[in-house]
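Same order as they appear, the protein sequences are chains E and X.
So in our numbering, spot 152 of the first sequence is number 152, and the numbers just go up one at a time.
One gets our numbering by counting positions in the second sequence from 1 and adding 1000 to each.
Beta carbons: idealized from backbone N, C-alpha and C, even for Gly.
Comments concern the structure below.
Protein chains: 2
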Amino acid sequence: MTPLSITQAQMTRDPDQPDDNRPTLAEVARIAGVSEITASRALRGGTHVARATLERVQTAARAINYMPNRLAGTLAGGASRQVAVVLPSLSNSVFSDVLHGLETRLEQAGHHPILGVSNYDPLREERLVSDLLSWRPAGLVLAPAVSTAETRRLLAGSGVPIVEIMDVDPAPIDTTVGLSQRAAGRAMAHYLLGRGYRRLAYAGHDISTDPRALSRLQGLQDGLAEAEVTLAATVLLPGPSSVPLGRDAVGQLLQDCPVGAGHDRLVVCFSNDDMAVGGMFHALSAGLDVPGDLALAGFNGLAIGQALPLPLTTIASRRVEIGELAGAALLARVAGKPVEKVQDVGFRLVIGATT
Amino acid sequence: MTPLSITQAQMTRDPDQPDDNRPTLAEVARIAGVSEITASRALRGGTHVARATLERVQTAARAINYMPNRLAGTLAGGASRQVAVVLPSLSNSVFSDVLHGLETRLEQAGHHPILGVSNYDPLREERLVSDLLSWRPAGLVLAPAVSTAETRRLLAGSGVPIVEIMDVDPAPIDTTVGLSQRAAGRAMAHYLLGRGYRRLAYAGHDISTDPRALSRLQGLQDGLAEAEVTLAATVLLPGPSSVPLGRDAVGQLLQDCPVGAGHDRLVVCFSNDDMAVGGMFHALSAGLDVPGDLALAGFNGLAIGQALPLPLTTIASRRVEIGELAGAALLARVAGKPVEKVQDVGFRLVIGATT
DNA sequence: CTGTTAGCGCGTTCAC
DNA sequence: GTGAACGCGCTAACAG
């Protein structure tokens, strides 16, 4: 042990920090007998470094369990490998599917999502966007709620690639991946009209905060209007979509729209498949014939709808794929490659036994 | 426009970076006419700052749309407000429920999860833990796959609070929140024995990579052994749990275990509710009486199981609550408060119509 | 209450 | 192929 002068001791470590003595690049460099920057180069690509020194550095790093500090690396100019992800909900499997696809694609490139969930609250979304951007991510993926002007300002001024997902109809700030929610609603209208239904109702959750559910409803109405049909009734219940909410909604609906013998057959369109499952429960409890007395149509193609004894008629969205494509688009943008501003993955009408 | 000397130009900004000219704390301070540290204090708590200067700084910050750089803040000594979260899956709603609860609790404290999904791959989990720790998070939440020794070394040596979730039986590295998977399996055994079942089978997904499903199976066998009963048959199919996999598993199972007239009634226990739903489908297609010929028992209490015409007998886990408690435990640890090493939230036997 | 000094750990300049 | 100097943006210590 050679004694250290006070100056050296001060420069190498702070005696007040007994806990946080994680090895730094400087120590790796010292052990390997090279400069910090050479160690840095060796531990990353290994380019512009002699094979011998590369191995010395790697050995030294392993010997002291060196773990790079990406905060410092990113601050010093390296590209961030974090991607901000803001979703409106996780209680609906729609967004966990998207997140699943997104995370898979990001991880392949060594990127990681920082997650925020807005619960469809515009102010919370705004705060999340602000918070997550302050981590200086490489980009941001957003399934927007009803965004505030301030949110859009933050996004536009962030200087990083933005990928909006789920609905390709609104003009994108930067890039968007999804489907046309409005066209999906219209497709359901066309299908139901083609099946001969003329008496339609709508049962939804609180769609005032869910712009995509609202677009689907509008698309449905558009499609009906083309045949000069209007919704016989609409019930909107507060709260997020769920099985019990759908059951309650149908219960209310049937008070205004009697069904059964002596009435035209009624088809209820739901804002989401879980709502439709609830509707099915109500029909079972009330002894209604599905689809004879009451027909049901959902949206999203969730597993729960297909698990029913009568598989649900619905429109399937390609959620995992949307996540994967959003990740790919973001990574391409980060790499400076050109990306289509709008990627429409489409949707698929699933004709079940409930219509 | 006053001409700048070369020295000034070099000190204030780099002409090679036209894009990234986000305002810094230094600019806020300059506009407000204070030092950087005063501006820093004002923009955080506002403590030890005169009310007048506080307002000047805040006004200046808003005027130039200042957004703090948390990378720099954290590197300089501030506590990180990121929490690493490593989950084995997102395709099963079990973990999106947990993530939902966790994110909610973290966000309340201004913390954000950085997410990694291992797909039950030990090596991928190891890489994720390493990657996420290199962001120097305030802590780490982990629903472990079959962890490698290297993973445990990384965790133990990380110096940050670790919360393991889902199963309270393994000895925690630091802290754990969940339920006893083994006790849950045993509880199901006791219930089924109490109902008079003596002929039991097991249908599972690839539980070799899913330690919790394996523990439940062991608990089930433990409970049966107490009554000197053993499983009549076991089918394990590769891949993650899903509805189709459950259907296939029951199909195979019934080749060895005939049911119906002339046979003792059989109850099949599944590794997860979605598998059990698949089993129900097989029963429906084969025209079997449930639970007369074939009884079914799931695990986890997922919505899909309760959405069946016959609600599924299962054991409900409190997933959202586990996430919330894990977040609370982590935040408490970060704040230096004492935390129970093991938090058992228990489980609930749900007696449906399938047994 | 405010400012000065001194870094956090790393990567991007340039040189050699 | 390697290194020196510098700065990323911010905050913890002290000083006053």
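By a C-beta neighbour count over all protein chains shown, 10 Å radius and 16 as the cutoff for buried, is residue i buried or exposed?
{"i": "E/Glu226", "result": "exposed"}
{"i": "X/Ser1035", "result": "exposed"}
{"i": "X/Glu1340", "result": "exposed"}
{"i": "X/Gln1082", "result": "buried"}
{"i": "E/Glu126", "result": "buried"}
{"i": "E/Gln306", "result": "buried"}
{"i": "E/Ala326", "result": "buried"}
{"i": "E/Asn300", "result": "buried"}
{"i": "X/Arg1136", "result": "buried"}
{"i": "X/Thr1313", "result": "buried"}
{"i": "X/Arg1051", "result": "exposed"}
Mind listing the chain E neighbours of residue i? Cutoff is C-beta to C-beta under 8 Å, in chain order.
{"i": "X/Arg1022", "result": "Gly159"}
{"i": "X/Glu1103", "result": "Leu90, Leu115, Gly116, Val117"}
{"i": "X/Leu1025", "result": "Neighbours of X/Leu1025 on chain E: none; closest Cβ ~12 Å, over 8 Å."}
Let me make sure I understand the geometry here. Which of the options has the alpha-carbon closest to that of residue i?
{"i": "E/Ser134", "options": "X/Ala1329, X/Leu1025, X/Ile1304", "result": "X/Leu1025"}
{"i": "X/Ala1261", "options": "X/Leu1288, X/Phe1270, X/Arg1081, X/Leu1253", "result": "X/Leu1288"}
{"i": "X/Thr1175", "options": "X/Val1160, X/Arg1030, X/Glu1107, X/Met1188", "result": "X/Val1160"}
{"i": "E/Arg182", "options": "E/Leu71, E/Leu224, E/Val141", "result": "E/Leu224"}
{"i": "X/Arg1199", "options": "X/Pro1170, X/Arg1136, X/His1263", "result": "X/His1263"}
{"i": "X/Val1268", "options": "X/Gln1343, X/Leu1220, X/Leu1331", "result": "X/Leu1220"}
{"i": "E/Asn92", "options": "E/Ala249, E/Val243, E/Gly327, E/Glu164", "result": "E/Val243"}
{"i": "X/Ile1322", "options": "X/Asp1222, X/His1282, X/Asp1167, X/Leu1090", "result": "X/Asp1167"}
{"i": "X/Gly1400", "options": "X/Leu1132, X/Leu1214, X/Pro1172", "result": "The shown model of chain X, from 1001 to 1355, leaves out residue 1400 of chain X, and the question about it has no answer."}
{"i": "X/Leu1132", "options": "X/Thr1047, X/Ile1162, X/Ile1037, X/Glu1324", "result": "X/Ile1162"}
{"i": "X/Pro1211", "options": "X/Glu1324, X/Ala1249, X/Asp1169, X/Thr1151", "result": "X/Asp1169"}
{"i": "E/Leu90", "options": "E/Arg105, E/Leu115, E/Met67, E/Gly77", "result": "E/Leu115"}
{"i": "X/Glu1164", "options": "X/Ala1329, X/Arg1153, X/Arg1348, X/His1111", "result": "X/Ala1329"}
{"i": "X/Thr1209", "options": "X/Arg1195, X/Ala1233, X/Ser1180, X/Ser1241", "result": "X/Ser1241"}
{"i": "E/Ala232", "options": "E/Asp248, E/Gln255, E/Arg247", "result": "E/Gln255"}
{"i": "E/Ala203", "options": "E/Gly194, E/Arg152, E/Arg247, E/His190", "result": "E/Arg247"}
{"i": "E/His48", "options": "E/Pro113, E/Val342, E/Thr38", "result": "E/Thr38"}
{"i": "X/Glu1324", "options": "X/Arg1041, X/Met1280, X/His1100, X/Arg1044", "result": "X/His1100"}
Starting from the C-beta of residue i, find all residues in its chain whose C-beta is less than 7 Å away, skip the five residues before and the five after it, and write them out in chain order.
{"i": "X/Leu1245", "result": "His1205, Leu1237, Gly1239, Met1275, Gly1278"}
{"i": "X/Arg1124", "result": "Ser1118"}
{"i": "X/Glu1150", "result": "Glu1126"}
{"i": "E/Tyr120", "result": "Pro88, Ser89, Ala145, Thr209, Asp210"}
{"i": "X/Leu1356", "result": "Residue coverage of chain X in this structure runs from 1001 to 1355, which leaves residue 1356 of chain X outside it and unanswerable."}
{"i": "X/Gln1008", "result": "Residue placement at X/Gln1008 cannot be trusted, given a pLDDT of 32 that sits under 50; the coordinates are not used to answer."}
{"i": "X/Arg1195", "result": "Thr1355"}
{"i": "E/Pro23", "result": "Ile64, Asn65, Tyr66"}
{"i": "X/Gly1046", "result": "Leu1054"}
{"i": "E/Leu308", "result": "Val277, Met280"}
If contacts are defined as beta-carbon pairs under 8 Å, then residue i and residue j qualify, I think. What distance do you get, rounded to the angstrom?
{"i": "E/Gly394", "j": "E/Val334", "result": "Absent from the model: residue 394 of chain E. The displayed extent of chain E is 1 to 355, so no value can be given."}
{"i": "E/Leu192", "j": "E/Thr355", "result": "7 Å"}
{"i": "X/Cys1257", "j": "X/Ala1201", "result": "6 Å"}
{"i": "E/Ile304", "j": "X/Ala1303", "result": "6 Å"}
{"i": "X/Ser1130", "j": "X/Leu1154", "result": "6 Å"}
{"i": "E/Asp97", "j": "E/Val320", "result": "5 Å"}
{"i": "X/Leu1310", "j": "X/Ala1109", "result": "About 43 Å; that fails the 8 Å criterion."}
Whose Cβ in chain X lies nearer than 8 Å to the Cβ of residue i?
{"i": "E/Met275", "result": "The contacting residues do not exist; E/Met275 stays about 12 Å from chain X at best."}
{"i": "E/Thr74", "result": "Leu1071"}
{"i": "E/Pro68", "result": "Ser1134"}
{"i": "E/Ser93", "result": "Ser1093, Ser1096"}
Which chain E residues are close to residue i, counting only those with a beta carbon under 7 Å from its beta carbon?
{"i": "X/Val1243", "result": "Ala303, Ala307"}
Taking residue i as the query, report the chain X residues whose CB atoms sit under 9 Å from its CB, ordered along the chain.
{"i": "E/Asp131", "result": "Arg1070, Arg1081, Glu1107, Gly1110, His1112"}
{"i": "E/Leu284", "result": "Pro1309"}
Within a Cβ cutoff of 8 Å, which residues of the same chain sit near residue i, ignoring the five residues on either side of it in sequence?
{"i": "E/Ile207", "result": "Ala213, Leu214, Leu217, Leu236, Ser271"}
{"i": "E/Met1", "result": "Because E/Met1 carries a pLDDT of 31, less than 50, the predicted location of this residue cannot be relied on, and the following value inherits that uncertainty. Cβ neighbours of E/Met1 beyond the five flanking positions: none."}
{"i": "X/Asp1344", "result": "Val1168, Gly1178, Leu1179, Ser1180"}
{"i": "X/Thr1079", "result": "This sequence places Ala at residue 1079 of chain X; Thr is not what is there. The answer, listed in chain order, is Ala1138, Val1334."}
Quick one: residues in its chain with C-beta nearer than 6 Å to the C-beta of residue i, no 5 flanking neighbours on either side, listed in chain order?
{"i": "X/Leu1087", "result": "Phe1095, Val1117, Ala1143"}
{"i": "X/Ala1060", "result": "Val1028, Ile1031, Ala1032"}
{"i": "E/Ala283", "result": "Val290, Leu294"}
{"i": "E/Gln252", "result": "Val235"}
{"i": "X/Val1342", "result": "Val1168, Thr1176"}
{"i": "E/Arg105", "result": "Glu324, Gly327, Ala328"}
{"i": "X/Thr1012", "result": "Residue confidence for X/Thr1012 is low, a pLDDT of 33 falling below 50, so the modelled location carries little weight; the figure read from the coordinates is stated next. Around X/Thr1012: no qualifying Cβ."}
Starting from residue i, find everything on chain E with Cβ-Cβ shorter than 9 Å and list it in chain order.
{"i": "X/His1100", "result": "Ser89, Leu90, Ser91, Ser96, Val117"}
For residue i, go through chain X and note every residue whose CB falls closer than 7 Å to its CB, in chain order.
{"i": "E/Asn65", "result": "Gly1157"}
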